[in-house]
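Undergrad: If you're matching them up, the sequences are chains A and B in order. Residue numbering for the first sequence follows our numbering, beginning at 167 and increasing consecutively. Residue numbering for the second sequence follows our numbering, beginning at 167 and increasing consecutively.
Number of protein chains: 2
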Amino acid sequence: MASDFSRHLRPAPPVGATVIKWERGRSDINTDQLGEYLHGKVYLARQKRLLDIITKEKIFDKSQQANLSRPDRYKLGLARGKRLRQLQDIHGWDEEDFVMAEYLVDDVQPYHLHISLFTAAMREQTSDQQRAYWMPKIASWEVIGAYAQTELGHGSNVRGIETEARWDPKTQDFILHSPHLTASKWWNGTLGRTATHAVVVAQLLIPDGEGSDPKYTSYGPVPFIVQVRDMKTHQPPKSIIVGDIGPKYGYAPMDNAYMLFDHHRYSQLDPVTGQFTKSKNPGALYGQLTRGRSVIAMHARLVLARAVTVAVRYLSIRRQFHDRDDSDKNGPEMSVLDYSTVQIRILPLLATTFALHYSGLAMRRLYERTRNNGGGGSGTTDGDRVSQDADLATLAELHSTSAGLKSLATELAANGVETCRRAMGGHGYGGGTGLVQLNADYLSKPTVEGDNWMITQQVAQYLIKKAKERAHSLKSRALNKTEEHLKSYLSSRGKEPKFNVMENNAAVVDAFNWRMSWLAFRAYDTREVQKRPWNSLLIDFHKLSRAYSQAMLVSNFYDAISSSEVQSLPPTTRETLTDLFRLFAFQTMDTESRDFQNSGAVSSVELNGLSGTVLALMTKIRPHAVRLVDAWALPDYLLDSALGRYDGRVYEDLFHRAHVLNPLNKVTFNPDYKNNEIVMGSGDAGQILAKL
Amino acid sequence: MASDFSRHLRPAPPVGATVIKWERGRSDINTDQLGEYLHGKVYLARQKRLLDIITKEKIFDKSQQANLSRPDRYKLGLARGKRLRQLQDIHGWDEEDFVMAEYLVDDVQPYHLHISLFTAAMREQTSDQQRAYWMPKIASWEVIGAYAQTELGHGSNVRGIETEARWDPKTQDFILHSPHLTASKWWNGTLGRTATHAVVVAQLLIPDGEGSDPKYTSYGPVPFIVQVRDMKTHQPPKSIIVGDIGPKYGYAPMDNAYMLFDHHRYSQLDPVTGQFTKSKNPGALYGQLTRGRSVIAMHARLVLARAVTVAVRYLSIRRQFHDRDDSDKNGPEMSVLDYSTVQIRILPLLATTFALHYSGLAMRRLYERTRNNGGGGSGTTDGDRVSQDADLATLAELHSTSAGLKSLATELAANGVETCRRAMGGHGYGGGTGLVQLNADYLSKPTVEGDNWMITQQVAQYLIKKAKERAHSLKSRALNKTEEHLKSYLSSRGKEPKFNVMENNAAVVDAFNWRMSWLAFRAYDTREVQKRPWNSLLIDFHKLSRAYSQAMLVSNFYDAISSSEVQSLPPTTRETLTDLFRLFAFQTMDTESRDFQNSGAVSSVELNGLSGTVLALMTKIRPHAVRLVDAWALPDYLLDSALGRYDGRVYEDLFHRAHVLNPLNKVTFNPDYKNNEIVMGSGDAGQILAKL
C-alpha cells in the first residue's frame, strides 16, 4: 500500500463491495448448488486443492507478466513449467491435476506440447518395442518432445508437405531433407528452444532400383522420431536448423518452431529409435480428433464464462447517467448492466456459456459411448447387425458434429470475449480486465485443429450424403438424430409448419431442426441434382454447418432443462435455466430470422415478436446475472481481473495496479526533446537505441 | 543473412514474387492513376518525402519492437517522439507533415496528446491574454501538456466528474481536490510520465457567503490549466499524485495517467496561469468534434486498407488444396483467394475501404462548407433566411451523421482487421502479419470519442425529431438530405416500392433510404406516439443509426461513381469501382435482408438473388484485387508485414524474421526440469523470479 494521501481515499458510494452484495441478495439461486451441478464435486475439490498449492508460489504470481519482454516471457514460462513438474512430483498429481494446474496458471508453458501432442503421438502411433523404450523417458521428461507436422508453406493440407525422408538402401539410412524454404517446419510448439526430440512428418520416398540415379516412389507423409538437439549441449547438429519463429498474437511463453534439414541422416539401424510403424488403429486417431474437439468446446465455455463473469460483475457495479425517463436526477446513476443495449450484448453470451456446456458434455458422452462400443477403440461389438449400423451411424454423426461444434464454439467464444470487452467501455480497454492476454491467446482457436471455415465443408458433406440417402430411400430407418430430422422434414416437405415457438420449448427445437433440414436438402439439390461447382457452394455450406451446430446447441440445451436432474433443482434455478435456454434460442433465431422465415419454420408474426421476447427474458434474467456467473466458480487467481473480482472492489484494485504495481512509475523521465537523455539524470541517451 | 545452409534455399515454385507479378498482369487498372485519384498528388508526395527521412533513422526501425518490455516501449516512444520533433525542426515540417510522420512510424509517441488535444484546447478555450502567454511555450514544447477530463469512476458522463475546484475568497485560490478514489483522473494520455502541465476539468464550486462554513454552489465542470510537475526535477508536488495506469490492450508507448489532488492550491492571482475563460464560441467545440469524427472515418479506411492489403497479397500467393471439381491434381494448388469462402470475407472489406473513403471525404467537405458558412466558425452568413435555415439544418444533420459514421466506421474497421487476420489461417496468427499491434491499438477506437453504442442515441434522437416534424408538417420544405428522404418516404407510405436494385444503381440508394426512413418513423411511433420507455428502445435506436449510416455510405459511394471525375477514369477502373459499390451495397443488404423485406424496400425474390449476385461480383473483382490494394499506396515500411509486402517475398521474409531477427534464438536454454537454471551454463536460477 502506498504511504501517500491516496491511502485514505475510498471510492464514491455506492462502493462496489456493497453493490455486489446487494446484487447477490436479489436472487435466491443457490450458487454452490448450481456450481456443483455444472462442474461436479470432484472438479471443484480439485480446483480448490490445486489453487492452494499454486498461489503460494511466487513464480506463479501474475502481476508483472504484462510488463515483461517476450524473451523474458519464455524464460518465465520455462521456469513455471519446471516448477509445475516439480510440484507434480512432490504432490503426486495425476494427469488431470496437471492439466488443471496449467489452466489456473493460465499462461502456456513451453513443455506443453511434450505432455500433450508428443506424448499422445508416441503412445498411439508406435510399435510395442518403441513404446517400451520411449514412454519411460517421456514420462520422466528425460527427453522433451514436439510434434513437427505443419510447414511454412503447408498447414491444413498434410498431403502437400515438402519435407522428404529418402531411404538410402546402401547405408540403411533415411535422409531427411528440406528441398525448399517452404519445407521448413513451422509453428511447432515446444520445438523452438525447448525440445530434444520431435516426431517429424515427412514424405516417405523409397528408390525403385539400386542404380546411381534411382527413381523414387512416394508413400505419402509418415512420422519419424528424430533427435534434434544434443542431450548435453542442447545444440542441434549442423544438418538441422531449428529455432523460435518470434513474437505472434498471444502465447508469448511458447517457443513455436521453424526447422530445416540438410540431408540429415537418420539411422534406421538403431534398434529402438527406428521408423514409426503406422498406427495400427486408425479409429484411435479418429477418436483422438473427436475427443480433442469436445475438449475445445468445453474449454470455449470456460473462456467465454471468464469474459462474461468479468463483464457482469463490473457492469453491475459501474454506474453511468440517469435513466432519461427518470425525473429524479439526484440518486445514484444507473447500473450500466441495466441498459438494454448492454444487456443485449452480455446476457445472450451468459446463456451461450450454458449452451456450450451442454453440447460439450453431450459430445463427450457420445464420444465415450462410441469408444466403448468399438468406434474409437479396439473392442468389437457383439450386438446385432442393426445396433452395429447404428453405432457406425452415430460415429459418423459424431465426426461431423464435432467439426461443426468446434467451428461454432470457438467462433462464439472468440467473438464473445471481444463483445464483453467493448461493452465495458473505457476500462474494457485497460489491463484491469484480465482479458488482454486471454483475448490474444484465444485468437488462435478459430484457426487451429481445423480452420473454422474450412472444416464446415466436412459437416456439409456429411449432411448432403445423408440428404441424398434419404431422398432415395424416404422410408428407411433413421439411425441417428440427424437422419431422424431429415426424415421428419422430408415427410412434411412443402408444408410450412410454422412452429409455435413462443408457447412451446419443444417447438423451438423443432424449428431449428426444420431450418437445418431445409438448408441440407437445398445443399443436396444444388450440388447433387444441379451439379453446381463445389467452390461456388462453400458459403452456403458454411451457413448450413452453422445452422446444424446451432440446432445441436439448442437441442442439447433443451434436453438438459427437460432432464430430471434440472427438474429437481429449486424453482428459481430451474426457471432461470429455462429462461437462458429461451434467450439463447430466440436471440440466435432473431439473428438468422430470414432463414426461419424462408424455410417456413416460424411465421413472420412470431419472428417480429422475437426482439420483444428477448427484451422481456433479459429483464427476467438480469437480477440473477451475478449469481449465475458466480456458479461458474472461476477463482480470482484465474480471472486476474480488477473489474471481475468476486468482492467487487473494482476501483481499489485498478488503482492498486496502477499506483503500486506498475514499474514505470518508479522511474522519472526527461521530457525535454532537445536532450536525448531518457531517464532523468542518467545521462544515457543510447540505451534504448541499442535494443533495436 | 545467415551463413548456414538455409541461405541456399528458395520457396517452392511458384514463388510469391512471380505470383504477385502475374496477379498484377491480370488487370489493366492503372494503380498510380487510381492512387492519385484517391489520395491526391500532394498527399503522395508528402508520403514519399517523409518516408525517405524516417526510414534512414535507426530509432524508427520496427523490427525489435515486439520483443521489448512495456517499460522499454515507453522509453522507445519517448526517444522517437523527441526525434520526430528534432526532425520537424531540421526539415521545417508543418503540422500535416508531423501527423503523417507519426502515421508512418505507426507507434503512438508519448507527446501525442500535447500536440493534439492539449494544443487544441489551449488554442480554442483560452482568453487572448492566456493564448499570448501559453501558445509560444506550447509550440516550442517548453511545457508539455495533457488533457485531464475522464476519471476512474466517470467517462462519458462529464457532468458526473468528481474532482472539485473550490474557490477560496480569502486567499483568492482555487483548491483542487479529489474527494474519493473514483475522482482520480484516469486514461489521460501523455500525463502519466511525460507532461509538465494539464488542462484539468473539475467541478467549479463557489461559496455563497464568507462564513466559516459557507454553502457552495456548483457551476458544473470547468477546465483549469494546472502545472503538475516541477520544471527541473519533473516531480509532482506533494499535493498531487500522478502516474501511469499500467499495461493495457495496445498503445504500449503511451503513458495514460491516473491523477489525484489533495487540497492542491492553485493560485488565481497569477496573472497569466489564471482560470480558463469558458469558450466564447461553442460552435468551435461542436465543429472540433465533428472534424475529429471525420478524421476517425478517414483513418478507419486506412486501417482497414492495411489489413485488406496484407490479406489480398498474401492470400493470392498462398496455395492450399486443389479444387475438388478439378480432375488434375498435379498442377499447383489453388490460390486461397480463389475460394469463395475467403472472397466473401475479404472482397466486401476491400469494397468497404472505398465506401469509408467517400463518406469520410463527403463529411470533411460538409464540415468545411458549414464552417465557412458560420456553422463552426466566427463568420456570419449574409444570405436570405431560407439559406440560413438550410445551413443550420445541414449543421444539425452533420452532427448526427458524424456520430453515426464514427460508430459504424470504427466497427467495420475493427471487425474487418480481425476478419482479415482469421482468413489468413495459421500465418494470420503470426507476427508476420504486421497486424498484431495494429489490432490491439485499434481496439480502443470503438470506445473513445463517443462509445459506439452510446452515441447511436444521438442519431436516433435527431431522426425521431425530424420524423416528428415531418409527421406534423408533411409538405414543408426539406432542408437537408435526411429531411428529403423522410419526406419522400412519407408521401409514399403504405406502398411497398420494391426498388429494382438488381438493374439500377440509383434504386439501390433509394432502397437504403427507404429502409432507413421506415425505421425512423417506427422509432418515432414507439417513442413519441406510444410513449414507450427510452431504455426499452435503445436496441432499436442502435439499429436505426446503423441503417442511417449504411444508407449514407451507399449514397456517398453512389454519388462518387456517378461523378464526372470517376466517369473520366479508364473503363476498367470505372467499372470496377461500380462493381465495388454494388458488392458493398448488396453484401450489406444481404446481412440486413429482413429489414429490407419487412419495409417493402426490396422484394423477397430480389433478396434471394443477392448471394448469387455477390458471388458473381466477387468473381469479377478478383483479378483486380491486387491492383486495387496497391492503389491505396501503403508503403512496406508502414505495413511492416511479411505477408503483405509489395514484392510478394512472403516466405523469405517470414524466415528472415524468425532466423535472423528473433533474439530468442541467440540464447540456449536448459530444459532439464530438475535444474532451475534457465540459460544453459549460466548457473542462474533466480533472475526471472526477481522480475516478478
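Cβ coordinates follow ideal geometry from the N, Cα and C atoms, glycine included. Nothing here was measured: the structure is a model prediction, and the numbers come from that model.
Lys-572(B) touches chain A at which residues, Cβ-Cβ below 8 Å?
TA: What Lys-572(B) touches in chain A: nothing, since even the nearest Cβ is about 14 Å away.
Undergrad: Could you tell me whether any Cβ in chain A is nearer than 9 Å to the Cβ of Gly-497(B)?
TA: no
Undergrad: Can you give me, in chain order, the residues of the region 217-241 of chain B that have a beta carbon less than 7 Å from any beta carbon in chain A?
TA: Lys-224, Ile-225, Asp-227, Gln-230, Ala-232, Asn-233, Leu-234, Ser-235, Arg-236, Pro-237, Asp-238, Tyr-240 and Lys-241
Undergrad: Would you mind telling me which residues of chain B sit closer than 8 Å to Lys-414(A), beta carbon to beta carbon, in chain order?
TA: Tyr-595, Gly-596, Gly-597 and Val-602
Undergrad: Run through the region 361-413 of chain B for me and flag every whole beta strand (DSSP E) of 3 or more residues, listed as ranges in chain order.
TA: 363-373, 382-393 and 406-410
Undergrad: In the DSSP assignment, find the beta strand (DSSP E) that holds Phe-487(B) and state where it starts and stops.
TA: Neither: Phe-487(B) is in no beta strand (DSSP E) and is coded neither H nor E.
Undergrad: Buried or exposed: Ala-364(A), going by 16 or more other Cβ atoms within 10 Å of its Cβ?
TA: buried
Undergrad: State the start and end residues of the unbroken alpha helix (DSSP H) segment that holds Leu-270(A).
TA: 261-271 is the span of the alpha helix (DSSP H), which, as asked, contains Leu-270(A).
Undergrad: Just by C-beta distance, which residues in the region 394-407 of chain B are closer than 7 Å to chain A?
TA: His-400, Gln-401 and Ile-407
Undergrad: Determine the extent of the alpha helix (DSSP H) in which Leu-776(A) is found, giving its start and end residues.
TA: 770-787
Undergrad: Is any beta-carbon of chain B found at less than 9 Å from that of Thr-739(A)?
TA: By this cut-off, Thr-739(A) is not an interface position.
Undergrad: Could you tell me which chain B residues have their CB closer than 8 Å to the CB of Phe-821(A), listed as they occur along the chain?
TA: Leu-318, Leu-347, Ser-350 and Tyr-424
Undergrad: Since Phe-340(A) is in the beta strand (DSSP E), which residue starts that stretch and which ends it?
TA: 339-343
Undergrad: Note down, in chain order, each residue of its chain lying with its Cβ closer than 8 Å to the Cβ of Gln-401(A), except the 5 sequence neighbours on either side.
TA: Arg-395
Undergrad: Would you call Thr-572(B) buried or exposed, if buried means 16 or more other Cβ atoms sit within 10 Å of its Cβ?
TA: It is Lys, not Thr, that sits at residue 572(B) in the sequence shown. Classification for Lys-572(B): buried.
Undergrad: Quick check on DSSP: helix, strand or coil for Lys-832(B)?
TA: Looking at Lys-832(B) - three-state DSSP - the assignment turns out to be helix.
Undergrad: Could you give the residue range of the alpha helix (DSSP H) that holds Leu-820(B)?
TA: Looking at the DSSP string, the run of the alpha helix (DSSP H) that includes Leu-820(B) is 816-822.
Undergrad: Comparing the C-beta of Met-846(A) with each C-beta of chain B, is any distance below 9 Å?
TA: yes
Undergrad: Between the region 178-190 of chain B and the region 801-816 of chain B, can you find at least three pairs of beta-carbon atoms closer than 8 Å?
TA: With a cut-off of 8 Å on Cβ pairs, the region 801-816 of chain B is in contact with the region 178-190 of chain B, counting three or more such pairs.
Undergrad: Comparing C-alpha positions only, which one of Met-288(A), Lys-303(A), Gly-386(A) and Gly-358(A) sits nearest to Arg-332(A)?
TA: If you compare the alpha carbons of Met-288(A), Lys-303(A), Gly-386(A) and Gly-358(A) with that of Arg-332(A), the shortest gap goes to Gly-386(A).
Undergrad: Is the separation between the beta-carbon of Ala-577(B) and that of Asn-618(B) shorter than 9 Å?
TA: The question names Ala, but residue 577(B) is Glu in the sequence shown. Closer than 9 Å, so yes.
Undergrad: Starting from the beta carbon of Phe-264(A), find every residue of chain B whose beta carbon is closer than 9 Å, and list them in chain order.
TA: Within chain B, no residue comes near Phe-264(A); the closest Cβ sits about 12 Å away, beyond 9 Å.
Undergrad: Applying the 10 Å Cβ sphere with the 16-neighbour rule, what's the burial state of Phe-442(B)?
TA: Reliability fails at Phe-442(B), whose pLDDT of 48 lies under 50, so the model's placement of it is uncertain and no value is given.
Undergrad: Identify, in the order they occur along the chain, each residue of the same chain with its Cβ nearer than 7 Å to the Cβ of Ala-477(B), setting aside the five sequence neighbours on each side.
TA: Ile-512, Cys-586, Ala-589 and Met-590
Undergrad: Secondary structure at Glu-584(B), three-state DSSP: helix, strand or coil?
TA: helix
Undergrad: Verify whether the separation of the beta carbon atoms of Leu-279(A) and Gly-326(A) is less than 9 Å.
TA: no
Undergrad: Is any beta-carbon of chain A found at less than 9 Å from that of His-708(B)?
TA: yes
Undergrad: Taking its Cβ as the centre, do 16 or more other Cβ atoms sit within 10 Å of Ser-169(A), making it buried, or is it exposed?
TA: exposed
Undergrad: Do you know offhand how far Asn-836(A)'s Cα is from Leu-827(A)'s?
TA: 22 Å
Undergrad: Tell whether a beta-carbon distance below 9 Å holds between Glu-772(B) and Lys-611(B).
TA: Not closer than 9 Å, so no.
Undergrad: From Gly-543(B) to Arg-297(B), what does the alpha carbon distance come to, in whole angstroms?
TA: Confidence in Gly-543(B) is poor, its pLDDT being 39 and thus under 50, which makes the residue's placement too unreliable to answer from.
Undergrad: Which value, in whole angstroms, describes the spacing of the CA atoms of Arg-176(A) and Ser-729(A)?
TA: 48 Å
Undergrad: Under the three-state reduction of DSSP, which class applies to His-708(A): helix, strand or coil?
TA: helix
Undergrad: Could you list which residues in chain A have their beta carbon closer than 7 Å to that of Gly-592(B), in chain order?
TA: Simply Thr-316, Gly-321, Trp-353 and Thr-613.
Undergrad: With H, G and I counted as helix, E and B as strand and the rest as coil, what does DSSP make of Ile-844(B)?
TA: coil
Undergrad: In whole angstroms, what is the alpha-carbon distance linking Leu-719(B) and Ser-683(B)?
TA: Looking at the two C-alpha atoms, the distance is approximately 15 Å.
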